[in-house]
Amino acid sequence: MNLYEYMGKEIFKKYGIPVPDGYVVSDINEIRPYQYPVAVKSQILSGKRGKSGGIKFAKSQEDLKEAAKTLLGTTINGLKVNKLLIERMINIKKELYLSITLDRSSKGPLLMASPDGGMDIESVPDSRIIKIKIDPLMGYSDYISREVSEFLGLSGSLKSQLGTLIGLLYNAFKKEDSLLMEINPLIIDSSDNIIAGDSKVIIDDSSLYRHKQYIFPDPEKTELENESASKSFTFIEMDGDIGVIANGAGLTMATLDALTLHKLRPRNFLDLGGTDSTDIVEDAFSFVLRADPKIFFVNIFGGVTKADTVANGIVAAKNKFNIKQKIVVRLSGVHEDEGRRILMDNGIDAYSNMNDAINELVKLNGGN
Amino acid sequence: MNLYEYMGKEIFKKYGIPVPDGYVVSDINEIRPYQYPVAVKSQILSGKRGKSGGIKFAKSQEDLKEAAKTLLGTTINGLKVNKLLIERMINIKKELYLSITLDRSSKGPLLMASPDGGMDIESVPDSRIIKIKIDPLMGYSDYISREVSEFLGLSGSLKSQLGTLIGLLYNAFKKEDSLLMEINPLIIDSSDNIIAGDSKVIIDDSSLYRHKQYIFPDPEKTELENESASKSFTFIEMDGDIGVIANGAGLTMATLDALTLHKLRPRNFLDLGGTDSTDIVEDAFSFVLRADPKIFFVNIFGGVTKADTVANGIVAAKNKFNIKQKIVVRLSGVHEDEGRRILMDNGIDAYSNMNDAINELVKLNGGN
Amino acid sequence: MGVIKMVLITKNTRVIVQGMTGHQGAFHSGEMIKFGTNVVAGVSPGKSGGTVNGIKIYETVMDTLELMPEASMLAVPAPFVRDAAFEAIDNGLKLIYILAEHVPVHDTMEIVAEANRKGVTVIGPNSPGITVPGEAKIGIMPNHIFRKGDVAIASRSGTLTYEIVKAVTDAGFGESTVIGLGGDPIVGLTFLDVIKMYNEDKNTKRIVLVGEIGGSEEERAARYVKENVKKPVVGYITGRSAPPGKRMGHAGAIIERGTGTAESKIKAFMDAGINVADYPDDIPKLLK
Amino acid sequence: MGVIKMVLITKNTRVIVQGMTGHQGAFHSGEMIKFGTNVVAGVSPGKSGGTVNGIKIYETVMDTLELMPEASMLAVPAPFVRDAAFEAIDNGLKLIYILAEHVPVHDTMEIVAEANRKGVTVIGPNSPGITVPGEAKIGIMPNHIFRKGDVAIASRSGTLTYEIVKAVTDAGFGESTVIGLGGDPIVGLTFLDVIKMYNEDKNTKRIVLVGEIGGSEEERAARYVKENVKKPVVGYITGRSAPPGKRMGHAGAIIERGTGTAESKIKAFMDAGINVADYPDDIPKLLK
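Shown next as structure tokens:
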């Protein structure tokens with residue numbers, strides 16, 4: 001789960017990391033007397049909102065109302081602006097970069113910092129970025145901050161502020177089951193205070209059962225996708241026209257790859273998962289149907305999910321939802337013969353070979 | 001630092017471990033209306049206060065006042081009763097034993113539990129005690145409690161209560177820098193609630209800089225010993241008559257051993273530590289002098305603490321405090337010749353060999 | 001005839017199943033026993049005493065120690081995986097297979113760190129397990145798709161692995177060892193660990209690597225193959241058509257620096273002389 | 001002539017001193033250099049840039065890595081020991097000596113657990129260190145009491161160790177290695193570890209063990225001596241006259257079950273054929 005800047009900053013505050021004074025509005029009437037100037041920041045999950053005009057500045061309440069009117073409800077980088085974060089302006093002396101993220105290769109947290117913070121951190125060369133692996137059992141200890149401060153060239157009060165801040169950030173990263181806590185820019189202001197200028201926080205979806213406060217519709221997902229979150233299958237919308245239902249993330253992905261290599265455009269990714277129930281197959285069909293595909297393609301390798309169960313689910317869904325689209329099915333694995341027989345009895349063709357099924361899809365799609 | 005039962009129970013409460021309802025009084029006037037019957041428990045650091053009459057029971061406020069009058073101010077097992085813990089009585093169904101302690105050989109926490117809790121746990125055979133080593137980096141995890149519950153024969157609600165309790169106790173053990181958290185008896189009451197019937201908690205003295213709330217005069221120490229806590233040397237009173245000043249815990253202990261083997265009785269243990277200052281030597285003399293020894297014995301092996309520094313300290317102390325007792329000195333190591341010269345110039349004999357010095361002490365003590 | 005060394009498990013490996021009384025534990029342990037796995041005990045806290053598939057259920061892993069278990073299958077739900085894994089590690093088991101998906105990544109990190117410290121091999125989480133045809137399997141791969149042979153397969157997928165195993169078997173080959181590494185961002189065994197084992201395994205003559213987008217394990221394994229592996233290797237990468245995934249902020253970009261894409265992985269495979277299949281069904285043809 | 005293996009350190013061992021600009025760090029690193037120790041760097045956060053005893057001071061251990069340090073002396077106050085030790089371990093140093101007394105035991109437990117996991121040797125805390133005459137010393141033992149020889153000494157004390165070393169030297173012997181294990185309840189190296197090293201050390205012909213009341217490490221070492229050591233061993237135990245110490249509740253009694261006393265240790269030594277001295281000064285006589 002990607003969190004908005006303001007939510008990330010709420011977490012920072014909770015753990016004691018300094019953030020600018022500010023408040024959030026979702027309506028122009030929520031604007032209240034404040035100390036100006038302020039920054040007016042669109043709360044969207046996009047990396048380049050500054051360049052796209054998503055951040056404005058206001059010197060007075062009138063200015064602010066004007067800016068809020070312009071931003072609220074507009075679409076920036078394809079994302080609707082529903083909330084603004086209004087923050088007191090900071091006199092920036094220097095911008096640093098700081099993050100803790102999950103590092104797949106070292107299998108633990110990775111701390112990264114650079115003296116070249118700000119918008120273009122990705123183009124900063126590796127030699128200007130310090131990377132420190134943190135052992136998950138050993139955890140954070142102060143020497144790590146000293147290594148960072150030295151690399152950044154900080155000393156005195158700045159060094160001790162950064163030390164405290166990194167300790168708090170690691171604590172937050174661990175306690176909140178985070179995959180990423182990124183502060184870019186990490187600001188040194190004109191009074192030599194270190195403040196988190198922005199936040200990019202990702203919480204591990206698998207951990208949400210112990211962080212229920214982060215369970216809400218994911219703004220990066222479509223309505224259908226969010227609705228599917230309560231289901232046992234995984235559903236992602238795409239912009240093609242072949243509705244796909246497969247089992248296993250790898251096989252589903254391989255199915256999309258094969259379609260694409262044949263110049264067919266999938267409408268969605270739907271991985272049934274490892275269940276064996278006709279209901280779930282029906283449910284999957286109802287979801288894909290709402291995405292209105294041109295053709296259905298069901299690609300099943302029967303293991304725990306048995307081929308005949310899927311066949312029964314397809315037949316039930318076809319009848320229940322009165323599906324008019326052509327349904328191409330490929331069944332292999334456990335109970336495949338029985339599954340194909342069930343489908344044939346109900347007027348649905350079934351292939352045992354994936355390539356054959358895809359050739360049929362190519363034909364139905366008008367040939368390539 | 002050994003904590004009184006009531007202090008240990010305050011820690012238990014803070015971490016969520018159930019303890020009986022109760023309150024502490026140090027004066028009979030602090031007794032207030034309460035639900036009877038109650039147990040009246042003398043707050044002394046002694047293992048056998050029950051057998052020695054330190055625990056009484058009261059059915060009414062009159063009873064309680066009577067018991068408090070009897071107990072407060074008396075001496076039990078050599079310890080003065082300054083406080084009473086008054087606790088609502090519990091209907092005991094079963095008494096268990098549970099502790100987490102530091103295990104020197106595995107170099108980590110050791111959890112121990114027994115179904116045979118109560119007063120005589122030390123005579124319970126090892127086969128009735130489960131011992132589980134906890135890895136300090138891995139920490140506590142629930143399976144440990146399941147192993148304990150199975151050994152104790154607990155199931156259902158008792159098992160889950162114990163699981164929670166052990167998790168909390170480990171948390172307290174770690175967070176409070178404890179060397180021991182012992183609950184004996186751990187009570188199962190008639191409604192199948194698990195409650196800590198007693199507490200025995202030791203906090204690591206070396207950790208007190210981060211647990212300042214536990215810095216107070218140690219009731220197990222004499223007044224002089226507690227006063228010495230602010231000093232850089234280590235001072236322990238004993239019941240003999242040879243005042244000992246040595247450097248290094250091992251050498252000081254070896255000095256006491258040698259005296260004892262010669263049937264001399266040390267008045268104290270005083271380890272100067274690893275400093276090199278005449279002031280500290282003077283200070284040490286002033287402490288030992290207050291314990292009024294018959295003879296002083298100074299046993300120094302000069303390293304960081306140089307022999308001539310000690311010699312100067314001895315001379316200064318002798319003059320400053322007008323010490324009348326005989327001072328026998330043994331000096332060896334760094335600057336020993338200079339040290340002996342300084343002493344000789346001031347009329348104090350000094351030996352280079354420990355055995356020679358002790359023989360002199362034997363002679364002064366009237367021979368054996 | 002000397003003792004033949006297999007990859008990680010043999011038919012003699014003494015296996016326990018934590019969570020054996022659950023739906024998955026009961027079903028898959030039954031399949032494992034049919035496959036020849038030496039399942040010696042089940043562990044299900046609060047449900048001990050009875051039997052499942054004729055195997056006795058114990059309260060704790062500690063209670064099974066007299067049976068000298070060597071490996072454990074964790075068939076417990078994701079929230080209980082950390083505790084079950086620590087129980088297995090602390091009680092001295094040397095191979096731990098984690099079935100569950102959706103294990104919190106911080107839990108996995110701690111399990112893997114602890115396992116490395118104690119010399120314990122972890123397969124998974126979110127993995128179909130390991131199968132050594134003719135010997136044993138620990139996991140959930142369907143029994144009937146295997147035939148003993150000389151093709152070793154390592155894959156980050158589940159169902160797709162079965163698909164490929166079946167294709168390999170149907171084409172007249174057989175498998176020496178098949179390991180599903182698991183689909184999570186952090187898993188115990190990775191391609192590099194497994195390619196080394198396969199390279200040294202006397203029973204393996206050919207190797208199949210089934211990778212997917214994300215991370216750089218395929219790239220690392222490819223470097224190893226290039227420098228050390230003489231056996232023929234066939235590769236397949238899923239996710240060529242995937243839209244760019246959720247980015248891990250700037251940090252993700254800084255770490256990956258262009259690795260992690262299907263293109264990067266396919267290129268790394270090709271550079272290492274690995275034959276790359278376009279479709280799963282093409283893999284058997286490339287095995288020669 | 002081949003390379004002679006020493007116990008833990010040689011004159012070539014590259015040593016850094018964490019906390020070198022402090023009073024103890026500056027004084028003892030100077031003494032170490034005089035003794036022949038190859039001190040390559042000092043580390044003092046916030047005080048880097050200058051030199052102490054002609055050795056450059058760095059900000060972090062990481063900064064010293066180009067000098068390929070192998071061992072670190074921690075001359076930092078007790079509250080900073082955990083962090084300094086983790087810094088040394090995380091940066092790959094393989095021997096860590098901890099001078100400070102009053103290190104919280106929970107910190108020591110974590111340091112020792114982490115060190116074991118990474119194959120790092122820890123001496124201390126609350127230890128005078130290690131001295132190998134003719135080679136190097138890491139620690140605070142006075143230089144002038146040593147002479148190169150064949151007596152190896154292990155002790156839980158500080159000053160008493162110097163006393164005994166001097167007595168051994170004055171009696172015409174010399175020392176191969178002297179290790180102060182440290183006086184805290186939990187320390188890194190223990191008697192058992194050290195007796196094994198001494199038993200295998202070609203330069204050691206005689207061994208002295210200086211124990212004290214508390215714990216059961218002397219008893220464990222005695223069992224090892226009985227079964228494995230042919231070299232003559234002399235023992236000394238302090239604390240015979242000590243009043244019973246603070247008891248660790250019932251738990252302490254259950255763990256110790258009678259070990260830990262001076263009597264128990266002396267008996268264990270005697271059972272193992274170790275010659276036990278009544279006074280420190282008697283030790284040289286018993287060395288024959």
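Protein chains in written order, with UniProt numbering: chain A, 1 to 368; chain B, 1 to 368; chain C, 1 to 288; chain D, 1 to 288.
Using N, Cα and C, we set each Cβ at its ideal position, and we do this for glycine too.
For clarity, every value in this text was computed on a predicted model and none was experimentally measured.
Who does residue 109 of chain B pair with in a DSSP beta bridge?
For residue 109 of chain B, which the question treats as bridged, DSSP gives the partners B:102.
How many Å lie between residue 84 of chain B and residue 5 of chain B at the Cα?
Distance between the alpha carbons of residue 84 of chain B and residue 5 of chain B: 10 Å.
Does the region 150 to 162 of chain C touch the region 176 to 192 of chain C, meaning 3 or more C-beta pairs lie closer than 8 Å?
Yes, the region 176 to 192 of chain C is in contact with the region 150 to 162 of chain C.
Provide the residue span of the beta strand (DSSP E) that contains residue 310 of chain B, from first to last.
Where residue 310 of chain B is concerned, there is no enclosing beta strand (DSSP E), although the alpha helix (DSSP H) it sits in stretches over 307 to 320.
Counting only the same chain and skipping the five closest in sequence on each side, list residues whose C-beta sits under 8 Å from that of residue 265 of chain B.
These residues qualify, in order along the chain: 238, 239, 240, 241, 242 and 259.
Hey, is the region 174 to 190 of chain A in contact with the region 93 to 107 of chain A, meaning 3+ C-beta pairs nearer than 8 Å?
Yes, the region 174 to 190 of chain A touches the region 93 to 107 of chain A.
Does the beta-carbon distance from residue 137 of chain C to residue 32 of chain C come in below 9 Å?
Closer than 9 Å, so yes.
On the three-state DSSP scale, how would you describe residue 339 of chain B?
Residue state, collapsed to three classes: helix.
Counting only beta-carbon separations shorter than 9 Å, does residue 133 of chain C have a partner in chain A?
No, residue 133 of chain C does not count as interfacial toward chain A.
Measuring straight from C-alpha to C-alpha, what distance separates residue 281 of chain D and residue 164 of chain D?
For residue 281 of chain D and residue 164 of chain D, the distance between alpha carbons rounds to 7 Å.
Would you call the CB atoms of residue 120 of chain A and residue 128 of chain A closer than 9 Å?
Not a contact, by the Cβ cut-off of 9 Å.
Mapping the DSSP letters down to three states, classify residue 2 of chain D as helix, strand or coil.
Low confidence applies here, because residue 2 of chain D scores a pLDDT of 43, under 50, leaving its location unreliable and the question unanswered by this model.
How should residue 215 of chain A be labelled, buried or exposed, when 16 other C-beta atoms within 10 angstroms of its C-beta is the threshold for buried?
Classification of residue 215 of chain A: exposed, given that the 10 Å Cβ count is below 16.
Which residues in chain D have a C-beta closer than 7 Å to the C-beta of residue 355 of chain B? List them in chain order.
By Cβ distance, chain D contributes 279 and 281.
The beta strand (DSSP E) spanning residue 224 of chain B covers which residue range?
Not the beta strand (DSSP E): residue 224 of chain B falls in the alpha helix (DSSP H), residues 223 to 228.
Residues of chain B with a CB under 8 Å from the CB of residue 105 of chain D: which are they?
Those within 8 Å of residue 105 of chain D in chain B are 102, 177, 179, 204, 206 and 207.
Is it the case that the region 15 to 27 of chain C contacts the region 115 to 123 of chain C, given that we only count it when at least three CB pairs across the two stretches are under 8 Å?
The region 115 to 123 of chain C is not in contact with the region 15 to 27 of chain C.
Have a look at residue 1 of chain D and residue 202 of chain D and give me their C-alpha separation to the nearest angstrom.
Residue confidence is low: residue 1 of chain D scores 37 on pLDDT, short of 50, so the model does not pin down where it sits. Its coordinate-derived value is still stated next. Between residue 1 of chain D and residue 202 of chain D, the C-alpha separation is close to 14 Å.
Just to confirm, are residue 89 of chain D and residue 123 of chain D a CB contact at a threshold of 9 Å?
Not in contact: residue 89 of chain D and residue 123 of chain D (Cβ atoms no closer than 9 Å).
Just checking residue 156 of chain B against the ligand NAP - is the residue's beta carbon closer than 8 Å to any of the ligand's heavy atoms?
Although the ligand NAP was asked about, the structure shown includes no ligands whatsoever.
Which residues bound the beta strand (DSSP E) around residue 213 of chain A?
Run containing residue 213 of chain A: none; DSSP gives neither H nor E here.
Assess, as a yes-or-no matter, whether the region 45 to 57 of chain B is touched by the region 66 to 82 of chain B under the definition of 3 or more beta carbon pairs within less than 8 Å.
With the cut-off at 8 Å, the region 66 to 82 of chain B and the region 45 to 57 of chain B touch.
Starting from the N-terminal side, write out each stretch of the alpha helix (DSSP H) that is 4 residues or longer and does not extend beyond the region 132 to 211 of chain C.
For the region 132 to 211 of chain C, whole alpha helix (DSSP H) runs of length 4 or above, ordered along the chain, are 159 to 170 and 191 to 200.
What is the C-beta distance between residue 38 of chain D and residue 11 of chain D, in whole angstroms, given that I count them as a contact (C-beta under 8 Å)?
Indeed they touch by this definition, with Cβ atoms about 6 Å apart.
Residue 265 of chain C and residue 218 of chain C: beta carbons closer than 9 Å?
Result yes, Cβ atoms of residue 265 of chain C and residue 218 of chain C sit closer than 9 Å.
Could you check where the alpha helix (DSSP H) with residue 270 of chain D kicks off and where it finishes?
Residues 262 to 271.
Can you check whether the CB of residue 43 of chain D is closer than 9 Å to the CB of residue 61 of chain D?
Yes, the Cβ-Cβ distance between residue 61 of chain D and residue 43 of chain D is below 9 Å.
Can you grab the Cα-Cα spacing for the pair residue 359 of chain B / residue 257 of chain B, in whole Å?
Going by the C-alpha atoms only, they are around 14 Å apart.
Thinking C-alpha only, which one of A:354, A:231 and A:330 is nearest residue 344 of chain A?
Considering only alpha carbons, the answer is A:330.
For residue 181 of chain A, count neighbouring Cβ atoms within 10 angstroms of its own Cβ and tell me buried if that reaches 16, exposed if not.
Buried, by the Cβ-count rule.
Examine chain C for any beta-carbon lying closer than 9 Å to the beta-carbon of residue 326 of chain B, and answer yes or no.
False, the Cβ-Cβ gap to chain C never drops below 9 Å.
Check whether chain B comes within 9 Å of residue 155 of chain D, counting only Cβ atoms and requiring the distance to be less than that.
So, interface residue.
Using the rule of at least 16 other Cβ atoms within 10 Å of the residue's Cβ for burial, across every protein chain shown, is residue 192 of chain A buried or exposed?
Answer is exposed; the Cβ neighbour count stays below 16.
Where do the N-terminal and C-terminal ends of the beta strand (DSSP E) with residue 41 of chain C fall, by residue?
Run containing residue 41 of chain C: 38 to 43, per the beta strand (DSSP E) assignment.
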